[in-house]
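Chains as they are written, first to last, in our numbering: chain A, 215 to 308; chain B, -1 to 144.
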Amino acid sequence: MSLPPMILDLRVASPDRRPVHLWLPLFLLWPFALALGVLALGVALVADGVLLLRGRRYHHYTVLLARSFAVLGETRGTVIRFSNEKTAIDMTVH
Amino acid sequence: MSEERSRILSLLAGGKITAAEAERLLDALEASKGAAAEPAGPPIHGDPGPLIAALPRYLYVKVLAANGDNVDVKIPIVLVRSGLKLTSLIPPLAMDKINDTMSEHGMSVDFSNFKPEDIDELIGGLRDMEVNVDAKNGDTVRVYCA
Chain A
215 MSLPPMILDL RVASPDRRPV HLWLPLFLLW PFALALGVLA LGVALVADGV LLLRGRRYHH
275 YTVLLARSFA VLGETRGTVI RFSNEKTAID MTVH
Chain B
-1 MSEERSRILS LLAGGKITAA EAERLLDALE ASKGAAAEPA GPPIHGDPGP LIAALPRYLY
59 VKVLAANGDN VDVKIPIVLV RSGLKLTSLI PPLAMDKIND TMSEHGMSVD FSNFKPEDID
119 ELIGGLRDME VNVDAKNGDT VRVYCA
């Protein structure tokens, strides 16, 4: 399992302004995300149990939620760059 | 010496089979051993690191618009793989809506039919994939893996 993204490196530059370089600490959000995730997993587990008892074919909300967190964790290394005559934006997930 | 081979030779020594029959049996034995030991692909000698490194790690999307807007996106392949695998878990009702919306926009892809083996095949195929679009208005789009 890979580590979740820790830093969002954001650079914004334009000809008429000072360039901005921000290191956004995503790791500070992870404790909150973890708390929310545990809460949501509990709700999903109950929902899946009810759906299973009712005989519904789809009862995978818990797995869906867990995999969604795994997808978030795989975002490390994503780079998005946008530029035109007025602005250049560079966003990297570390 | 293997058990089968010594048995054939003892049958020959006991005079129960002729030399020609023993030869045929030994040939058949060798052939069956060769087929069983044949590897699925060419053998890999030495460090497999360079081969692993040759696999694509990122999906690149580059858009150069005629009006000067440029977009450059680099996405890890593992993210693409995880995202595609996630589609198999989306609730059917939500998946129907996604499919309907995509078909309204000219992309008739049914994500509910995606299976894990299809995803692995798709990811493997990305290595050789390159999409180049040159629009009439001068926009260019390039999608490739490296």
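For glycine and all other residues, C-beta sits at the position ideal for the given N, C-alpha and C.
Beta-carbon proximity check, residue i vs residue j, cutoff 8 angstroms
i      : j      : result
P219/A : R225/A : no
V293/A : G81/B  : no
V69/B  : F296/A : yes
T289/A : V307/A : yes
A258/A : L279/A : yes
A254/A : A302/A : no
For residue j and residue i, believed in contact at Cβ under 8 angstroms, the rounded distance
i      : j     : result
R281/A : L84/B : 5 angstroms
S138/B : L87/B : This sequence places Thr at residue 138/B; Ser is not what is there. Contact flag wrong, Cβ pair sits at about 36 angstroms.
Cα-Cα separation between residue i and residue j, rounded to whole angstroms
i      : j      : result
D108/B : W244/A : 33 angstroms
D118/B : K134/B : 35 angstroms
F283/A : M105/B : 27 angstroms
P239/A : G287/A : 15 angstroms
A20/B  : L10/B  : 6 angstroms
A261/A : T99/B  : 27 angstroms
L248/A : R231/A : 38 angstroms
I121/B : M127/B : 10 angstroms
D116/B : V252/A : 32 angstroms
D223/A : L236/A : 6 angstroms
E102/B : F112/B : 20 angstroms
When the options are compared against residue i, the one with the closest alpha-carbon
i      : options                           : result
N130/B : I121/B, G123/B, E119/B and Y142/B : Y142/B
P54/B  : P89/B, I75/B and K60/B            : I75/B
P89/B  : G287/A, K300/A, Y275/A and F283/A : Y275/A
L124/B : T16/B, V78/B, S106/B and E19/B    : V78/B
D25/B  : M105/B, E2/B, N111/B and G12/B    : E2/B
A144/B : G66/B, E102/B, L57/B and H103/B   : L57/B
G136/B : E28/B, A17/B, G66/B and G13/B     : G66/B
M305/A : V61/B, V71/B, V59/B and S4/B      : V71/B
D92/B  : H103/B, A17/B and S110/B          : Per the sequence shown, residue 92/B should be read as Ala rather than Asp. Minimum Cα distance to A92/B is reached at S110/B.
K300/A : G256/A, L250/A, P229/A and H273/A : P229/A
Range covered by the alpha helix (DSSP H) that runs through residue i
i      : result
T276/A : Y275 to G287
L242/A : Counting along the chain, L242/A falls outside any alpha helix (DSSP H), and DSSP gives it neither H nor E.
L7/B   : E1 to A11
N97/B  : P90 to E102
Span of the beta strand (DSSP E), counted from its first residue to its last, around residue i
i      : result
F296/A : V293 to S297
M305/A : A302 to V307
K60/B  : Y56 to L62
V76/B  : From DSSP, V76/B is part of no beta strand (DSSP E) but of the alpha helix (DSSP H) over I75 to T85.
S228/A : I221 to S228
D132/B : E128 to D132
T138/B : T138 to C143
Closer than 7 angstroms: residue i CB and nearest the ligand NAD heavy atom
i      : result
Y272/A : Of ligands this structure carries none, so the ligand NAD is not represented either.
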